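In my numbering, the protein residues as written are 2 to 150.
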Ligand code: RB5
């Protein structure tokens, strides 16, 4: 499994904790920045990870900013991305099972690292259920197509 990760300055510390957690489990990671605590703009890192995941170069993406809101909104502008902002484990497995989410987003100022790592493990271990959920995802894709040039 290959995971692409990105963050802004608000998410840097949590992203590094997540990378270590994944690498300790033998999961391959690639960090798309930011690498410093200097203030930066979350869309610049959201698009890097989102494009890689949409192109299927990675199995999943993980994005972290202060709230997780801005970075997930930005990632969801890339066609094919279904980024889910999760602060609990129920949402983490439900979004894989029902939404086939391919990016997990976190707010580092919202949840602590212990919960974040449980959410990561829950998300990566859950599987998309297909069926009626695929029909709904197809309708999301149709919305993307309607508004694409
Ligand atoms: C940065 O201060 C903050 O706005 C950002 O990390 C994020 O919370 C935006 O949604």
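Beta carbons are placed, not taken as given, at the ideal position from N, Cα and C, and that holds for glycine. Remember, it's a predicted structure, so these values are computed and weren't measured experimentally.
The segment 63-73 and the segment 32-49 touch, with no fewer than 3 CB-CB distances between them shorter than 8 Å.
Non-local beta-carbon contacts of residue 99 in its own chain, meaning distances under 6 Å to residues more than five positions away in sequence, involve 134 in chain order. Burial is judged here by how many other beta carbons sit within 10 angstroms of a residue's own beta carbon; residue 132 has fewer than 16 and is exposed.
Here the alpha carbon of residue 20 sits roughly 22 Å from the alpha carbon of residue 91. Note that the C-beta distance between residue 141 and residue 59 is not below 8 Å. Here residue 126 is exposed: its Cβ has fewer than 16 other Cβ atoms, across all protein chains shown, within 10 Å. Remark: C-beta atoms of residue 73 and residue 84 approach each other more closely than 8 Å.
Here DSSP, grouped into helix, strand and coil, assigns residue 7 to strand.
Residues lining the ligand RB5 by the Cβ criterion, that is a Cβ closer than 5 Å to any of its heavy atoms, are 9, 11, 66, 67, 68, 70, 71 in chain order. Out of 124, 50, 11, 80, the CA that lies nearest to the CA of residue 94 is found in 124. For residue 50, there is no enclosing beta strand (DSSP E); the residue is part of the alpha helix (DSSP H) that begins and ends at 43-55.
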